[in-house]
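Colleague:
Chains as they are written, first to last, in our numbering: chain A, 129 to 768; chain B, 87 to 350.
Take a look at the structure:
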């Protein structure tokens with residue numbers, strides 16, 4: 129038996145050049161008590177990474193607790209951990225071999241600490257999965273293996289540990305190796321190596337062990353040195369999510385990190401989801417010699433454009449030929465970390481690259497049992513579970529399926545103040561919605577106005593926008609709209625009502641009331657309202673607009689200007705009012721597909737304003753609207 | 087992209103996230119090598135500007151060379167420099183060991199500064215390789231109403247999605263250098279030509295590897311009087327960077343207690 133203190137610590141790996149290489153990020157996972165921390169402590173010692181005196185300090189700590197040399201204490205530096213004997217959080221430790229530097233991420237084995245494992249494993253280049261030779265594959269071995277697969281980590285080295293406890297028996301090793309290999313392969317992970325080691329005694333780490341002459345593979349450190357680093361996605365299509373816009377001086381700089389691909393000065397960029405286009409005028413930098421003319425994946429850069437487009441954080445620049453998907457609904461594989469379960473109908477904040485949007489859980493398709501990969505239907509996903517869901521956003525999102533581009537294909541969900549889960553995007557079964565807004569004509573170029581919207585606001589003395597009144601027929605939309613228009617006009621405001629019936633006399637004279645005709649009608653109104661609003665006018669629209677998806681699409685034309693107002697009244701009240709006698713006709717079947725009677729009305733989930741005309745008088749309702757308008761559109765916008 | 091480029095790009099990304107997410111933000115400028123690198127990275131991130139205050143909690147016990155450096159670069163780098171004095175030792179928890187108690191004056195001054203400026207986030211230049219409790223840190227690390235750090239229940243952090251939503255009264259510590267090593271810092275200082283307090287360079291066979299208060303910081307034996315020689319020295323050493331910082335070594339958990347209570 130050797131204890132580490134009997135062995136002289138090797139000199140630090142000398143190779144000077146190796147320290148200038150990027151370190152390989154290594155995550156160490158496995159079931160609780162299978163020896164992860166011990167393996168790390170020992171790796172640090174055997175590669176000479178421990179500062180002078182540390183091994184002696186660990187020995188002293190172990191002696192004080194009446195334990196044999198406990199290598200896990202190297203990492204378990206916090207008092208609480210030493211007392212519990214388990215690692216409670218991700219720790220990052222640096223070491224180097226003769227070949228290159230490493231960062232090891234020690235992920236905890238305790239089940240409820242999944243979030244820490246994910247925090248560690250998500251950034252890793254490779255993983256060591258530690259399995260106890262005596263216990264074999266356990267619940268967390270499977271769970272951690274599955275999380276590695278979910279995070280897209282493909283390089284896995286399996287260390288079958290505690291070979292000393294099974295007398296370095298070849299048969300036992302091969303049985304455990306077969307069990308691990310079978311599970312990993314069932315998830316699509318082909319382990320790079322499966323190696324027998326004893327971390328406590330240093331067997332099979334730095335050198336092959338003479339206690340296991342039957343094993344012909346490399347020792348662990350040599351196996352690690354063979355792993356390639358995860359390449360940056362420079363050859364995928366360009367994705368440049370805008371992180372911020374800076375105007376510190378006379379430059380207007382779009383800052384962000386290139387997540388994939390390359391960008392060169394002069395490139396024509398397409399911004400999603402606005403579909404705005406401009407060319408890269410310059411790549412800005414500070415304290416760099418000479419001009420920068422190109423940049424690629426991984427670089428945090430800033431660019432200026434040849435055209436002052438409306439661009440904001442969350443928009444994604446790409447080349448026009450290979451844009452991201454645009455959609456407001458998608459499928460996702462989720463791992464849940466939240467204290468409260470994920471449930472159908474709940475809303476969360478989605479963060480994907482630099483964009484943030486509220487999303488709703490439209491459906492939970494299944495929960496996946498990671499122990500045996502079986503699936504079951506469920507209406508909730510509990511903490512530490514994995515499942516497949518459909519998420520719906522109000523806004524159009526620019527993203528990629530995870531399998532096409534991991535950087536734009538993964539997201540987190542925020543519940544209240546807390547990150548409650550992570551997920552991978554799949555578009556299986558959902559179309560790319562880009563063509564809905566993309567112009568059919570090819571030879572068109574948007575003209576940029578010299579008069580900006582801000583300048584129009586200054587001139588008018590108020591901001592412009594779209595007050596989108598939605599509600600049942602008879603709820604009072606048109607009445608409120610014209611009252612509000614008149615009140616604003618008297619105050620000197622530029623305001624204009626777009627009313628359902630008026631539009632249908634002209635612009636939409638070719639459309640009926642079938643769902644697709646209603647959708648097209650609302651699309652046209654959305655576009656016209658956005659034009660008016662950009663011209664500086666406060667547009668008040670009065671349309672039933674019963675489908676949430678259609679309203680969301682109208683919002684997407686000019687999301688920064690769009691305000692949804694739910695004009696609310698019970699169906700019974702509306703039918704009682706029946707100003708146009710339509711309910712009567714609908715009841716007799718004279719009108720087909722009438723909202724509220726024979727066609728659905730999807731209420732807004734969280735409108736910007738709700739006016740309950742069943743409870744408020746006309747004057748009170750108008751006052752409510754006026755108050756909202758003054759609070760949100762008053763002033764000339766210079767104070768933003 | 088080489089290793090230093092990758093480190094720089096990641097730090098720039100973190101600083102820009104912090105600047106976008108927090109209206110009231112400040113950066114701690116301890117005058118040490120790391121915080122100078124951090125200021126340099128801010129100027130990289132914001133194209134020559136540092137768009138938030140550079141804050142310094144003065145114990146009154148720094149080396150004269152440090153105060154001279156501060157006077158010069160606060161002006162030369164165009165900083166919005168905010169300096170506050172630390173409260174006297176009598177106001178600090180007497181159960182702490184002496185050096186830790188002395189260091190805790192800074193924690194108290196920082197808490198007062200956070201309250202005074204109503205800060206939502208404080209940028210600090212700690213690194214994971216410095217010390218074991220720092221190794222467990224998050225890039226965006228929440229602090230409680232009394233600035234305390236709950237290391238037992240840290241938020242998840244992955245795919246560069248950081249904790250940017252937090253309850254009123256609490257704040258976030260932002261750590262843009264968390265992933266750097268001491269050697270990385272020196273290689274970057276060499277590449278970029280970042281100015282430093284001269285105490286880092288050997289004189290009469292001694293130099294400082296880490297700078298703190300005069301009475302609780304000790305030099306190491308060294309002949310490294312240039313950045314290149316320091317890099318060569320670091321490549322061969324196994325002595326811990328903070329071995330000259332007394333407050334880390336008074337008891338097994340002295341530094342952990344300091345950090346749990348809000349120290350950087």
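From the three backbone atoms N, C-alpha and C, an ideal C-beta is built for every residue, glycine too.
At what residue ranges does the region 153-219 of chain B contain a whole run of the alpha helix (DSSP H), taking only runs of 4 or more?
Modeller: Those alpha helix (DSSP H) runs which fall completely within the region 153-219 of chain B and span 4+ residues are 184-203.
Colleague: Does any residue of chain A bring its CB to less than 9 Å from the CB of residue 251(B)?
Modeller: Numbered from its first residue, the second chain carries residue 251(B) at position 165. Answer yes: the Cβ-Cβ gap between residue 251(B) and chain A drops below 9 Å somewhere.
Colleague: Out of 718(A), 714(A), 351(A) and 693(A), state which residue places its alpha-carbon closest to the alpha-carbon of residue 738(A).
Modeller: By one-based count along the first chain, residue 738(A) stands at place 610. The shortest Cα separation from residue 738(A) among 718(A), 714(A), 351(A) and 693(A) belongs to 693(A).
Colleague: Measuring alpha carbon to alpha carbon, tell me which of 115(B), 110(B), 347(B) and 100(B) ends up nearest residue 232(B).
Modeller: Working through the second chain from its first residue, we reach residue 232(B) at position 146. Considering only alpha carbons, the answer is 347(B).
Colleague: Relative to the C-alpha of residue 385(A), which residue among 745(A), 371(A), 507(A) and 377(A) is closest?
Modeller: Start at 1 with the first residue of the first chain, and residue 385(A) comes out as number 257. Measuring from the Cα of residue 385(A), the nearest candidate turns out to be 371(A).
Colleague: Between which two residues does the beta strand (DSSP E) carrying residue 523(A) extend?
Modeller: On the first chain, residue 523(A) is found 395 positions in, with the first residue counted as 1. Element bounds for residue 523(A): 514-527.
Colleague: Given that residue 385(A) touches chain B, what residues does it touch there, using C-beta distances under 7 Å?
Modeller: Counted from its first residue, the first chain places residue 385(A) at position 257. Ordered by position in chain B, the residues that pass the 7 Å Cβ test against residue 385(A) are 95 and 99.
Colleague: Would residue 106(B) pass as an interface residue toward chain A - the criterion being a Cβ-Cβ separation below 9 Å?
Modeller: Working through the second chain from its first residue, we reach residue 106(B) at position 20. Closer than 9 Å: yes.
Colleague: Three-state secondary structure (DSSP) at residue 756(A)?
Modeller: The residue labelled residue 756(A) in the question sits at position 628 within the first chain. Correct three-state label for residue 756(A): helix.
Colleague: Run through the region 658-701 of chain A for me and flag every whole alpha helix (DSSP H) of 4 or more residues, listed as ranges in chain order.
Modeller: Counting only runs of 4 or more, we get 676-685.
Colleague: With 16 other CB atoms within 10 Å as the buried threshold, where does residue 627(A) fall?
Modeller: The residue you call residue 627(A) lines up with position 499 of the first chain. Counting Cβ neighbours within 10 Å, residue 627(A) comes out buried, since at least 16 surround it.
Colleague: Where do the N-terminal and C-terminal ends of the beta strand (DSSP E) with residue 485(A) fall, by residue?
Modeller: Here residue 485(A) is taken as the residue at index 357 of the first chain, counted from 1. Note, residue 485(A): beta strand (DSSP E), 483-497.
Colleague: Taking 9 Å as the cut-off, decide whether the C-beta atoms of residue 194(B) and residue 228(B) are in contact.
Modeller: Within the second chain, residue 194(B) is the residue found at index 108, counting from 1. Within the second chain, residue 228(B) is the residue found at index 142, counting from 1. No, Cβ-Cβ distance for residue 194(B) and residue 228(B) is not below 9 Å.
Colleague: Tell me which residues of the region 234-245 of chain B have at least one Cβ-Cβ distance to chain A shorter than 8 Å, keeping chain order.
Modeller: For the region 234-245 of chain B, which is checked against every Cβ of chain A, the residues closer than 8 Å are 237, 238, 240, 241, 242, 243, 244 and 245.
Colleague: Since residue 129(B) meets chain A, which of its residues come closer than 8 Å, beta carbon to beta carbon?
Modeller: Counting from one through the second chain, the residue named residue 129(B) turns up at place 43. Under the 8 Å cutoff, chain A gives 414 and 415.
Colleague: Step through the CB atoms of chain B and report whether any lies within less than 9 Å of the CB of residue 353(A).
Modeller: Working through the first chain from its first residue, we reach residue 353(A) at position 225. Output row for residue 353(A): interface = no.
Colleague: Say whether chain B places a C-beta atom closer than 9 Å to the C-beta of residue 257(A).
Modeller: Here residue 257(A) refers to the residue found at position 129 of the first chain. Chain B contact via Cβ: absent.
Colleague: Please name the residues in the region 400-432 of chain A whose beta-carbon is closer than 8 Å to at least one beta-carbon of chain B, in chain order.
Modeller: Of all residues in the region 400-432 of chain A, 412, 413, 414, 415, 424, 426, 427, 428 and 430 have a Cβ within less than 8 Å of some Cβ in chain B.
Colleague: At a Cβ threshold of 9 Å, is residue 135(A) touching chain B?
Modeller: Stepping through the first chain from its first residue, residue 135(A) is reached at position 7. The predicted model places residue 135(A) with a pLDDT of 42, which falls under 50 and marks its position as unreliable; any figure quoted below should be read in that light. No, because no Cβ of chain B sits closer than 9 Å to the Cβ of residue 135(A).
Colleague: By Cβ distance below 7 Å, which residues in the same chain neighbour residue 342(B) in space, the five residues on each side in sequence not counted?
Modeller: What you label residue 342(B) is simply residue 256 of the second chain in a count that begins at 1. Taken in chain order, the residues that qualify are 219.
Colleague: Could you check if residue 630(A) is buried or exposed, using at least 16 other CB atoms within 10 Å of its CB as the buried criterion?
Modeller: Counting from one through the first chain, the residue named residue 630(A) turns up at place 502. Flag for residue 630(A) reads exposed.
Colleague: Relative to chain B, which residues along the region 545-563 of chain A have a C-beta separation below 7 Å, given in chain order?
Modeller: Listed by position, the residues of the region 545-563 of chain A near chain B (Cβ gap below 7 Å) are 545, 546, 547 and 550.
Colleague: Taking a contact to mean a Cβ-Cβ separation below 9 Å, would you say residue 149(B) touches residue 282(B) in this structure?
Modeller: Counting from 1 along the second chain, the entry for residue 149(B) is found at position 63. Counting from 1 along the second chain, the entry for residue 282(B) is found at position 196. Contact flag unset, no.
Colleague: When you check each C-beta in the region 523-540 of chain A against every C-beta of chain B, which residues fall closer than 7 Å?
Modeller: Per Cβ criterion, the list reads 538 and 540.
Colleague: Whose Cβ in chain B lies nearer than 7 Å to the Cβ of residue 221(A)?
Modeller: By 1-based counting over the first chain, the position of residue 221(A) is 93. Within chain B, the residues near residue 221(A) are 221.
Colleague: On the criterion of 16 or more Cβ atoms from any shown chain inside 10 Å, does residue 604(A) qualify as buried, or is it exposed?
Modeller: Here residue 604(A) refers to the residue found at position 476 of the first chain. By the neighbour-count rule (16 or more Cβ atoms within 10 Å), residue 604(A) is buried.
Colleague: Rounded to a whole number of angstroms, what is the C-alpha to C-alpha distance between residue 306(A) and residue 557(A)?
Modeller: Within the first chain, numbered from 1, the residue matching residue 306(A) stands at position 178. Within the first chain, numbered from 1, the residue matching residue 557(A) stands at position 429. Cα to Cα, the separation comes out at about 37 Å.
Colleague: Looking only at its own chain, which residues have a Cβ that is under 6 Å from the Cβ of residue 725(A), when we skip the five neighbours before and after it?
Modeller: The residue you call residue 725(A) lines up with position 597 of the first chain. If we look at residue 725(A) and ignore the five residues flanking it on each side, its Cβ neighbours are 714.
Colleague: Give the range of the beta strand (DSSP E) segment to which residue 108(B) is assigned.
Modeller: Residue mapping note: residue 108(B) aligns to position 22 of the second chain, counting from 1. Taken as a continuous stretch (DSSP letters only), residue 108(B) belongs to no beta strand (DSSP E), as it is neither H nor E.
Colleague: Exposed or buried, what is residue 158(A) when buried is set at 16 or more other beta-carbons lying within 10 Å of its beta-carbon?
Modeller: As a working note, residue 158(A) is residue 30 in the first chain. By the neighbour-count rule (16 or more Cβ atoms within 10 Å), residue 158(A) is buried.
Colleague: Rounded to a whole number of angstroms, what is the C-alpha to C-alpha distance between residue 90(B) and residue 577(A)?
Modeller: By one-based count along the second chain, residue 90(B) stands at place 4. By one-based count along the first chain, residue 577(A) stands at place 449. For residue 90(B) and residue 577(A), the distance between alpha carbons rounds to 43 Å.
Colleague: Are the region 175-194 of chain A and the region 244-262 of chain A in contact at 8 Å, needing three or more beta carbon pairs?
Modeller: Contact fails: fewer than three Cβ-Cβ distances are below 8 Å.
Colleague: Quick one: Cα of residue 602(A) to Cα of residue 705(A), how far?
Modeller: For the purposes of this step, residue 602(A) is taken as the residue at position 474 of the first chain. For the purposes of this step, residue 705(A) is taken as the residue at position 577 of the first chain. Distance between the alpha carbons of residue 602(A) and residue 705(A) is about 6 Å.
Colleague: Excluding the five sequence neighbours on either side, which residues of its own chain have a C-beta within less than 6 Å of the C-beta of residue 277(A), listed in chain order?
Modeller: On the first chain, residue 277(A) is found 149 positions in, with the first residue counted as 1. If we look at residue 277(A) and ignore the five residues flanking it on each side, its Cβ neighbours are 315 and 317.
Colleague: Once DSSP output is grouped into helix, strand and coil, what is the label at residue 225(B)?
Modeller: In the second chain, the residue the question calls residue 225(B) occupies position 139. Coil.
Colleague: Which residues in chain A have a C-beta closer than 9 Å to the C-beta of residue 278(B)? List them in chain order.
Modeller: In the second chain, counting from the first residue as 1, residue 278(B) sits at position 192. Result: 415.
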